[in-house]
Amino acid sequence: MGTLSIRNLNKSFGALHILKDISVEAMQGEFLVLVGPSGCGKSTLLSAIAGLQKSDSGEIRIDDRDVTNVAPKDRDIAMVFQTYALYPNLTVLENITFPLEARGVPRAERWKEADRVAGILHIENLLDRRPKQLSGGQRQRVAMGRALVRNPEIFLFDEPLSNLDAKLRVVMRTEIKKLHADLGTTMVYVTHDQIEAMTLATKIVVMKDGVVQQFGKPIDVYERPANQFVAGFMGSPAMNFLNGTMTADGVQVERPDGGTILVPAPNLAEGEQVVLGLRPEAISDAPFNDNGPAIPFQWPLELLEPTGAETIGILASQPGGDEIVARLSAKPRVATGRAVQLYMNLSNICLFDAQSGKALWHSAIEEGQP
Amino acid sequence: MIAEVVTGQQGMLDRILRWSIYVMLIGFAIFYLAPFYVMVVTSLKSIDEIETGNLMALPQNVTGYAWNEAWNVACIGTDCRGMAPYLLNSLMASLPATIIPTLIGAVNGYALSLWRFRGSELCFGLLLFGAFIPYQIVLLPMAQFLGAMGWSSSIFGLAFVYSVYGLPFTTLYFRNFFASFPEDLVNAARVDGIGFFRFFWRVALPVSVPIIVVSVIWQFTNTWNDFLFAASYTDANSATSMVALNNFVQVATGVKRYNVDMAAAIITGLPTILVYVVAGRYLLRGLMAGAVKG
Numbered sequence: 001m002g003t004l005s006i007r008n009l010n011k012s013f014g015a016l017h018i019l020k021d022i023s024v025e026a027m028q029g030e031f032l033v034l035v036g037p038s039g040c041g042k043s044t045l046l047s048a049i050a051g052l053q054k055s056d057s058g059e060i061r062i063d064d065r066d067v068t069n070v071a072p073k074d075r076d077i078a079m080v081f082q083t084y085a086l087y088p089n090l091t092v093l094e095n096i097t098f099p100l101e102a103r104g105v106p107r108a109e110r111w112k113e114a115d116r117v118a119g120i121l122h123i124e125n126l127l128d129r130r131p132k133q134l135s136g137g138q139r140q141r142v143a144m145g146r147a148l149v150r151n152p153e154i155f156l157f158d159e160p161l162s163n164l165d166a167k168l169r170v171v172m173r174t175e176i177k178k179l180h181a182d183l184g185t186t187m188v189y190v191t192h193d194q195i196e197a198m199t200l201a202t203k204i205v206v207m208k209d210g211v212v213q214q215f216g217k218p219i220d221v222y223e224r225p226a227n228q229f230v231a232g233f234m235g236s237p238a239m240n241f242l243n244g245t246m247t248a249d250g251v252q253v254e255r256p257d258g259g260t261i262l263v264p265a266p267n268l269a270e271g272e273q274v275v276l277g278l279r280p281e282a283i284s285d286a287p288f289n290d291n292g293p294a295i296p297f298q299w300p301l302e303l304l305e306p307t308g309a310e311t312i313g314i315l316a317s318q319p320g321g322d323e324i325v326a327r328l329s330a331k332p333r334v335a336t337g338r339a340v341q342l343y344m345n346l347s348n349i350c351l352f353d354a355q356s357g358k359a360l361w362h363s364a365i366e367e368g369q370p
Numbered sequence: 371m372i373a374e375v376v377t378g379q380q381g382m383l384d385r386i387l388r389w390s391i392y393v394m395l396i397g398f399a400i401f402y403l404a405p406f407y408v409m410v411v412t413s414l415k416s417i418d419e420i421e422t423g424n425l426m427a428l429p430q431n432v433t434g435y436a437w438n439e440a441w442n443v444a445c446i447g448t449d450c451r452g453m454a455p456y457l458l459n460s461l462m463a464s465l466p467a468t469i470i471p472t473l474i475g476a477v478n479g480y481a482l483s484l485w486r487f488r489g490s491e492l493c494f495g496l497l498l499f500g501a502f503i504p505y506q507i508v509l510l511p512m513a514q515f516l517g518a519m520g521w522s523s524s525i526f527g528l529a530f531v532y533s534v535y536g537l538p539f540t541t542l543y544f545r546n547f548f549a550s551f552p553e554d555l556v557n558a559a560r561v562d563g564i565g566f567f568r569f570f571w572r573v574a575l576p577v578s579v580p581i582i583v584v585s586v587i588w589q590f591t592n593t594w595n596d597f598l599f600a601a602s603y604t605d606a607n608s609a610t611s612m613v614a615l616n617n618f619v620q621v622a623t624g625v626k627r628y629n630v631d632m633a634a635a636i637i638t639g640l641p642t643i644l645v646y647v648v649a650g651r652y653l654l655r656g657l658m659a660g661a662v663k664g
């Protein structure tokens, strides 16, 4: 029931190799999120799952049935499109019941189903309107209603929230999560928004240039990124990357104002150049009391950006390096313009190979096999 | 202060430009409407008045004589039944030649832009080729074909020719219209299992009203106003109003009855004007919808 299995899927458009040997599995009830920057192939992958796009090689199985060459309508899937794709001349009721009509479901039953779905999505009072009389959020609900009414094995969502304003996006995100909890149906969801991916997913597929970079639980992807790309893509503000050198006692990191700090880590290859990955929340202006081991260190602070709940601290960057961001307390007692006393949480750091960007070591313990 | 002066000058310039546009438009309107005005007033005058009076003057005694003559009495050849029967012939040729190519063109355009298949572009290219064939080239082969089918000198044959030659144009219109149709809608239909024709009837066709209007106006006026095919493929009984009008005006002997000629010409032209007036308000929308994406 509702399992999805993709094996060694390839797809090219001319010379452009869009999907490179993609393999992904989803169990029944999984909320699988495909995330990545634009052009990474996530939408193409979804189209391939839907059957709207033919793949060149590889296999797609739904419910353990090979559907690689099956027409979209026979795959037992329903899809919500980024543009909503509502039929403009039909009413909301007709839009929702159209898929059933096409399947020869009698009218009375169609209406009953429409009522059920409208109840779930709170659109009972919109049934006789046409799409152009609806707001963006309402259209989104109708599009979901049209998918729900089908009772498919798998729901496919193609960036469904990207046309909504920021506030509504958060509301609908929660509703989709609730819907998934209530229905328990397998869902595959494409987004470029890593927060959507983190909040919704039970499994995340991070993609870049047509290659799966990492496939795992959200917390694992967040705490134990497979490479520097995943580490930088997931999380906002993004993970900080500090250049360092491997020594017998740990990683030696050069400070922009001269001097070094030593971050304890296993000695993987002495003398090698590595990149130390540090989440903004792993840097604080106060000692971490109950969050595991931490070390104090000095670093020049350039700017403070209070957001109310917390203050974003911009630290001086290493020569040639990126900006370093720290999540400080709401009212930090530190002054900008000079080196200040900060603390580094050691329970959540990563080491990457400076050349390949591959992860060498994570201090966080794995939550469980994906 | 300076801002006020500037806006004052701009306002003045704006007004001058606006009025010169109005004057120009009114001038063109008069220029184009003048012949029609002359036709209408002439058709309402008696022959005496036409011969003695001014061409542009309004009729002193309005008379329906010319209209009655043209509609009921006028002789085309030896047949003196007026224009009425030929108008009916035209209608019987133009109506199917409007409806059928519009419908088929809609299906063609819909398939060619929304349900692409291997070779659909080539298919469209070949169809488009038909739009560039001068009618004179096919005159003889088509006559032979109609003869072979037993459709010579029949309204049916004429309607057939019109339909065939309308198809490239109606297909082109609908294909371009559907090219700007959101692709996701078709994808949604494919996922939802809504078939080719169900989607066509329930969604695609209702949405394409503006381009249907364009196609109808195009086909109706073109077939109604056609003289070449009508003159070649019809006989005295199946002649369309264009052919009849020509015979009537050219062949008449004795005194030229300008008032009757004018009345007959207006009667012949009236249906196309009617189509424009009824459907015209959609025309601009349709032309733009086909031309501009989104």
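Residue numbers (my numbering), protein chains in the order written: chain A, 1 to 370; chain B, 371 to 664.
For each residue, glycine too, the CB sits at the ideal point set by N, CA and C.
query: Would a C-beta distance cut-off of 8 Å place G36(A) and V206(A) closer than the cut-off?; result: yes
query: Output, in chain order, the set of chain A residues within a Cβ distance shorter than 7 Å of P576(B).; result: N89
query: Rounding to the nearest angstrom, what Cα-Cα distance links A661(B) and L542(B) in this structure?; result: Annotation note: pLDDT 40 at A661(B) (below 50); position unreliable, coordinate value reported separately. If I take the Cα positions, the gap works out to 11 Å.
query: Out of A463(B), Y402(B), N431(B), point me to the one whose CA is closest to T591(B)'s CA.; result: A463(B)
query: Under 8 Å: do the stretch 436-444 of chain B and the stretch 563-583 of chain B share three or more Cβ pairs, one atom per stretch?; result: no
query: Identify the continuous alpha helix (DSSP H) that holds W111(A) and give its terminal residues.; result: 107-121
query: If the cut-off is 9 Å on Cβ atoms, which residues from the stretch 23-56 of chain A count as contacting chain B, listed in chain order?; result: S47, A50, G51, L52
query: I want to see whether chain B comes within less than 8 Å of A78(A), judged by CB atoms only; does it?; result: yes
query: Pull up the distance between the alpha-carbon of A108(A) and that of Y222(A), whole angstroms please.; result: 48 Å
query: How should E113(A) be labelled, buried or exposed, when 16 other C-beta atoms within 10 angstroms of its C-beta is the threshold for buried?; result: buried
query: Could you spell out the range, first to last residue, of the beta strand (DSSP E) harbouring A269(A)?; result: Looking at the DSSP string, A269(A) is not in any beta strand (DSSP E), and its letter there is neither H nor E.
query: Could you check if G527(B) is buried or exposed, using at least 16 other CB atoms within 10 Å of its CB as the buried criterion?; result: buried
query: Below 8 Å, how does it come out for the stretch 90-101 of chain A and the stretch 119-139 of chain A: are there three or more Cβ pairs, yes or no?; result: yes
query: Among G244(A), L100(A), S284(A), which has the Cα closest to the Cα of L268(A)?; result: G244(A)
query: Relative to the C-alpha of G14(A), which candidate in I49(A), S55(A), G2(A) has its C-alpha closest?; result: S55(A)
query: What are the partner residues of A359(A), as DSSP defines its beta bridges?; result: F352(A)
query: 8 Å is my cut-off, CB to CB: does F81(A) come that close to chain B?; result: yes
query: Kindly indicate which residue of L640(B), P641(B), S523(B), G447(B) has the alpha-carbon position closest to the one of S608(B).; result: S523(B)
query: Determine whether the Cβ of V583(B) lies closer than 8 Å to any Cβ atom of chain A.; result: no
query: Rounded to whole angstroms, what is the Cα-Cα separation between V393(B) and A501(B)?; result: 38 Å
query: Relative to the C-alpha of L301(A), which residue among R279(A), D165(A), P332(A), G137(A) is closest?; result: P332(A)
query: Could you work out which residue in I470(B), L598(B), G639(B) is closest to P504(B) when comparing CA atoms only?; result: L598(B)
query: Look at E124(A) and D63(A) and say whether their C-beta atoms are less than 8 Å apart.; result: no
query: Could you list the residues in the stretch 482-496 of chain B with a C-beta less than 7 Å from some C-beta on chain A, going in chain order?; result: none
query: Below 6 Å CB to CB, which residues in the same chain sit around F548(B) once its five sequence neighbours on both sides are set aside?; result: G479, Y480, S483, L484
query: So G29(A) and G216(A) are supposed to be a Cβ contact under 8 Å. How far apart are they, rounded?; result: Between G216(A) and G29(A) the Cβ distance is about 17 Å, and since that is not below 8 Å, they are no contact.
query: Out of M27(A), D21(A), L148(A), which one is the CA nearest neighbour of G119(A)?; result: L148(A)
query: Flag this pair as yes or no: are the beta carbons of V274(A) and I261(A) separated by less than 8 Å?; result: no
query: Considering only the alpha carbon of each residue, which of V211(A), I283(A), P256(A), A339(A) lies closest to G39(A)?; result: V211(A)
query: Can you tell which of G475(B), E419(B), L425(B), M426(B) has its C-alpha closest to the C-alpha of V432(B)?; result: E419(B)
query: Return the CA-CA distance between V579(B) and F570(B), expressed in angstroms with no decimal places.; result: 13 Å
query: Using the beta-carbon of each residue, which ones in chain B are nearer than 7 Å to A102(A)?; result: D562, G563, I564, G565, R568
query: Compute the beta-carbon to beta-carbon distance between I6(A) and G41(A), rounded to the nearest angstrom, for a pair I have assumed lies under 8 Å.; result: The pair is not a contact, with the Cβ atoms about 12 Å apart (cut-off 8 Å).
query: Please report the residue range of the beta strand (DSSP E) in which T186(A) lies.; result: 186-191
query: Pull up the DSSP beta-bridge partners for S284(A), would you.; result: Y343(A)
query: So which residues of chain B does A85(A) contact, with C-beta pairs closer than 8 Å?; result: P552, D554, L555, N557, A558
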